[in-house]
Structures are given as C-alpha cells and as structure tokens.
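J.:
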Amino acid sequence: MRSRHGRVLVFLLLLATAGGALSAPVQRIHVLAEPSPFKDVFVLSLAQDLPASLRVVDESDAADVLVALGDAAFTRAMAHGKPLLGVHVSRALSEKAVRGGCQCAAIWAGVSLVNQVQLVHAMMPLARRVGVVLGTDSVWSAEEVRGFQGPIKLELLPVKNARDLGDTLRENLNHLDAIVLPVDDALLGPDAAKLVLLTSYRQRRPVFGPDLTFVNAGSVASYYASGSDLVSEAVHRLRDFADIGQWGASAFVPRPSVVVNEHVASSFDMHYRESGALQDALQSAREVP
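Be aware that the sequence shown starts at 87, since it is given in the working numbering, and climbs by one per residue.
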C-alpha cells in the first residue's frame, strides 16, 4: 500500500513540475528598426526561427526584450530601459552603451580581423605582408592588428580620414602583398570605395573586404555577416538570455558567410575563385583539430 501511495505522490509531483513548465510565461520580443525590406525579412525570419517560449510582438511597450537593427535604432531603444540586443551595431557604440550601464549586448557590424586574415591566407597562401587600413571608427583596433599572431605579418595603416586614404595606399601598396579593409562607414563611403579599388587595380595589389558591397564593386573577396547569419546569431543569443537572464559578451557573428568576385579573383590568379569552393575550404580548415 505504501509503495502504491509513493508512486502516486511521485506522479503528482511530476505533473506539478510539468504544469509549471508548461505555464511559464512566454518572453515577448519587439524589433526596432528603420522601415526597410531588410527589416521585414529579418522580423519574419526571426519569428519563424524562435522557439515557442519566445514570441515577436508588434509594440515595444508590450515587449520584455528589445532587438534593434542598426545604430540609430539601438540608440533609440536604450531609452526604453529594457534588455536590449543590438544587431549589426557598431562596436564603439555598443561598448559605450555597456560602459554606461545599459543591460544590452550587440552583434557587431562586420566580421573579426581573424576571419578576414584567414580568408586572405586561404586565397593567397604565399602572402606574407598584408596591410590593414584603420580609421578612427573602424571595427578593429590598432592593438588587435599589432598583436596578431599567424602566418601573415600584418602592417597597420592608420588613416585619419577619407582624404588621406589615397596617399596611404599609394605609399604602402608596393611593399605589401594585399590590403584588408574593416567595416568603417565614416572612412569607406562610395567615393572611397572607388578610390581604393582603382588604386588596387593600378598597383596590382588585391583588396579584401570589408563587405558584400565592396566585393561587388571590385574587391577580391570578403567574409561578411549575411541576413541569415544575423538572424541565427540573434536567435541563439535570445534563447540564452531567456535561459540565464543575462547577455553574453558582444561580438561579431562567429560563422560569417563568404563572397568572391570571380572576375577579380581570376585576374589575380587566386587559389579559390568561387564562393562555394572557398566556403568549403574555410569550413574544412576550421574543423581540423
């Protein structure tokens, strides 16, 4: 009799535990962004990929957590005082927000310096000296460049503004094997892109990065954070926050996408000249213990 009563008690306790889990409140998420097709696709993809315990809502007042796309939305979202995840946000802005006490984290715009240098090494295995252009608002720091350890020696090319960019490239390209560019909207606007790529073409030195737009315009290749990369990382971070109640450290997407300008890669006789083949090679390199 006692044994049967014990089994009944255990069963009731399991039911109570399951009922508590089933009745746990759904965490509501609102996305802030400037109106754009990218926002529409991001919100739709996020809503589809989130687990049932997380739900996208239309109003910020009804949300438990905010997601902000871009710097302007991230800045506005901080005024709400709610837990905040920035997506495609400048590194400097997110770090300043955290120092100011914001309960927030960010998926930074751009990709890591290590990723872009891995890309250069894959496509130019004989390259030994690579210049890294850095402006005051670049996503990488001078300390990262100077402290880089790897098969390629990096040379820091500091640039104060877009006007100095041409002179810096012309003075340094001849003794370098390639140039790597960071995401830096202040330094690398449309006019700067034309200047960089024209100088690269004239001096026969390839340029890598900083994103899909530059590759389409004439740089050889780039790692970049695609829309699906950003959605996947946002889902991962939102799930972790729901589980533990705090954000992980801000960072770039851990596994960005790759794009190659096949025409430019062929003109430089690169080792890989197609995006899919390069992506496979880089993935294999990551899996080697």
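Each residue gets a CB set at the ideal place from its N, CA and C atoms; glycine is no exception.
Every value quoted in this text rests on a predicted model; they were computed, and no experiment measured them.
Among all the DSSP beta bridges, which residues are the ones paired with residue 330?
T.: Residue 330 pairs with nothing; no bridge assigned.
J.: Who are the Cβ neighbours of residue 319 in its own chain at under 6 Å, not counting the five residues just before and after it?
T.: These residues qualify, in order along the chain: 193, 339.
J.: Does the beta-carbon of residue 313 have 16 or more other beta-carbons within 10 angstroms, so that it is buried, or is it exposed?
T.: By the 10 Å Cβ count, residue 313 comes out exposed.
J.: Kindly indicate which three-state DSSP category residue 148 falls into: helix, strand or coil?
T.: Of the three classes helix, strand and coil, the one that applies to residue 148 here is helix, per DSSP.
J.: What separation, rounded to the nearest whole angstrom, lies between the Cα atoms of residue 344 and residue 310?
T.: So the two alpha carbons sit approximately 6 Å from each other.
J.: Taking buried to mean at least 16 other C-beta atoms within 10 Å of its own C-beta, is residue 366 buried or exposed?
T.: Result: exposed.
J.: Could you check which residue in 299, 173, 361, 253 has the C-alpha nearest to that of residue 152?
T.: Nearest option by C-alpha distance: 173.
J.: I'd like the span of the beta strand (DSSP E) that includes residue 244, first residue to last.
T.: 239 to 244 is the extent of the beta strand (DSSP E) around residue 244.
J.: On a CA-only basis, which of 298, 239, 290, 164 is nearest residue 185? Give me that one, please.
T.: The shortest C-alpha separation from residue 185 is found at 164.
J.: Mind checking residue 330: buried by the 16 CB within 10 Å criterion, or exposed?
T.: It is exposed - the Cβ of residue 330 has fewer than 16 other Cβ atoms within 10 Å.
J.: Between residue 223 and residue 253, how many whole angstroms is the CB-CB distance? I'm expecting something under 8 Å.
T.: Not quite, the Cβ-Cβ distance comes to about 19 Å (not below 8 Å), so this is no contact.
J.: First and last residue of the beta strand (DSSP E) that includes residue 54?
T.: Not covered by the structure: residue 54. The range shown for the chain is 87 to 375.
J.: Please confirm whether residue 175 and residue 160 have their CB atoms less than 8 Å apart.
T.: Contact flag set, yes.
J.: Measure the C-alpha to C-alpha separation of residue 360 and residue 188 and round it to an integer number of angstroms.
T.: Roughly 42 Å between the two C-alpha positions.
J.: Determine the contact status of residue 306 and residue 292, defining contact as a CB-CB distance below 8 Å.
T.: In this structure, residue 292 lies closer than 8 Å to residue 306 by Cβ.
J.: What beta strand (DSSP E) runs, 3 residues minimum, are completely inside the segment 111 to 170?
T.: DSSP runs (the beta strand (DSSP E)) wholly in the segment 111 to 170: 113 to 118, 140 to 142, 151 to 155.
J.: Which value, in whole angstroms, describes the spacing of the CA atoms of residue 167 and residue 138?
T.: Answer to the nearest angstrom: the Cα atoms are 25 Å apart.
J.: Count Cβ pairs between the segment 296 to 305 and the segment 346 to 361 that sit closer than 8 Å; are there 3 or more?
T.: Result yes; three or more Cβ-Cβ pairs closer than 8 Å.
J.: Please return the same chain residues whose Cβ sits closer than 6 Å to the Cβ of residue 357, not counting the five positions on each side in sequence.
T.: So the list reads 209, once near-sequence residues are dropped.
J.: Ignore the nearest five residues each way along the sequence and tell me which others in residue 112's own chain have a CB closer than 8 Å to its CB.
T.: For residue 112, where only same-chain residues beyond five positions count, the Cβ hits under 8 Å are 138, 139, 140, 141.
J.: Return the chain-ordered list of same chain residues with a C-beta closer than 8 Å to the C-beta of residue 275, the five sequence neighbours on each side being excluded.
T.: Result list for residue 275: 248, in chain order.
J.: Going straight from the alpha carbon of residue 287 to that of residue 214, what length do you get?
T.: So the alpha carbons of these two residues sit roughly 20 Å apart.
J.: Relative to the C-alpha of residue 355, which candidate in 219, 211, 371, 368 has its C-alpha closest?
T.: Per the Cα distances, 211.
J.: Roughly how many angstroms lie between the CA atoms of residue 240 and residue 190, to the nearest whole one?
T.: Computed Cα separation, rounded: 33 Å.
J.: Using C-beta distances below 8 Å, list every residue in its chain close to residue 149, excluding the 5 sequence neighbours before and after it, in chain order.
T.: Cβ within range, chain order: 114, 115, 116, 143, 168.
J.: Do residue 225 and residue 195 have their beta-carbon atoms positioned less than 8 Å apart in this structure?
T.: Yes, Cβ-Cβ distance for residue 195 and residue 225 is below 8 Å.
J.: Along the chain, where does the alpha helix (DSSP H) that runs through residue 232 open and close?
T.: Its alpha helix (DSSP H) spans residues 228 to 232.
J.: Taking the beta carbon of residue 109 as the centre, do at least 16 other beta carbons fall within 10 Å, making it buried, or is it exposed?
T.: Interpretation of residue 109 is limited by its pLDDT of 43, a score under 50 that renders its predicted location unreliable; no figure is taken from the coordinates.
J.: According to DSSP, simplified to helix, strand and coil, what is residue 300?
T.: It is helical.
J.: Alpha carbon to alpha carbon, what distance is there between residue 336 and residue 182?
T.: If I take the Cα positions, the gap works out to 12 Å.
J.: Below 8 Å on the Cβ atoms is my contact criterion, and I expect residue 198 with residue 317 to pass it. Report the Cβ-Cβ distance as a whole number of Å.
T.: Not really, about 19 Å apart at Cβ, beyond 8 Å.
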